[in-house]
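Each number in my numbering corresponds to the 1-based position in the sequence shown with 7 added. We put the CB at the ideal spot given by N, CA and C, even for glycine. Reviewing the structure listed below.
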Amino acid sequence: MDWGKVIYIFFSLMSLTTTAGFIYEPNAIALFIAAGVNVISTILKLGVKNLLAAELLASSLVADLHLIPAFMVLTFTDNVALTISLAIGAIVANIFSVALALIESAKSQDKEEF
Numbered sequence: 008m009d010w011g012k013v014i015y016i017f018f019s020l021m022s023l024t025t026t027a028g029f030i031y032e033p034n035a036i037a038l039f040i041a042a043g044v045n046v047i048s049t050i051l052k053l054g055v056k057n058l059l060a061a062e063l064l065a066s067s068l069v070a071d072l073h074l075i076p077a078f079m080v081l082t083f084t085d086n087v088a089l090t091i092s093l094a095i096g097a098i099v100a101n102i103f104s105v106a107l108a109l110i111e112s113a114k115s116q117d118k119e120e121f
C-alpha cells in the first residue's frame with residue numbers, strides 16, 4: 008500500500024467533507040477548518056508527479072480561492088448566503104479533484120497490470 012497516496016487522498020476527501028459539513032452547519036469555525044484542510048490538501052498536491060498533477064493542483068487552488076474569501080466574507084460581513092455560495096463552488100472543485108484522483112488511480116492500476 009502506498010501510504011503517500013493514502014494521505015493525499017485522505018486530505019482530498021477530508022477537504023470535500025468538511026466543506027459539505029459547513030453547508031450543513033454554516034459557522035465560522037467549520038469554514039475555518041474546511042479552508043485549513045483544503046490548504047493542506049493543496050500543499051500535498053504540490054509534490055504530486057503524475058499524469059493529471061496540473062489539473063489536480065488547479066482544482067485545489069480553485070477551492071482555496073473559494074474558501075478563503077468565503078471565510079473573510081463570513082467574518083467581516085456576516086453574509087451567510089454569499090459564504091454558502093462560495094463554499095458550494097469549493098465543493099464543485101473538490102468533487103472534480105476527487106474524480107481526477109480516481110481516474111489517475113485507475114490509470115496507474117492499468118499500468119501495473121501490464
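- Look at N86 here: in three-state DSSP terms it is coil, with no helix or strand label.
- Using a Cβ-Cβ distance cut-off of 8 Å, the segment 29–45 and the segment 65–74 are in contact, since at least three pairs of beta carbons, one from each stretch, lie closer than that value.
- In terms of Cβ geometry, L63 and K52 form a close pair [threshold 9 Å].
- Straight through space, the alpha carbons of K118 and T26 are spaced by roughly 33 Å.
- In this structure, the straight-line span from the alpha carbon of N86 to that of N34 is close to 11 Å.
- Note that the C-beta distance between L59 and L107 is below 9 Å.
- Here the alpha carbon of A94 sits roughly 31 Å from the alpha carbon of S115.
- When DSSP states are grouped into helix, strand and coil, N101 belongs to the helix group.
- Shown here, P33 sits in coil according to DSSP, grouped into three states, outside any helix or strand.
- Contact annotation: A97 and A41 have beta-carbon atoms nearer than 9 Å.
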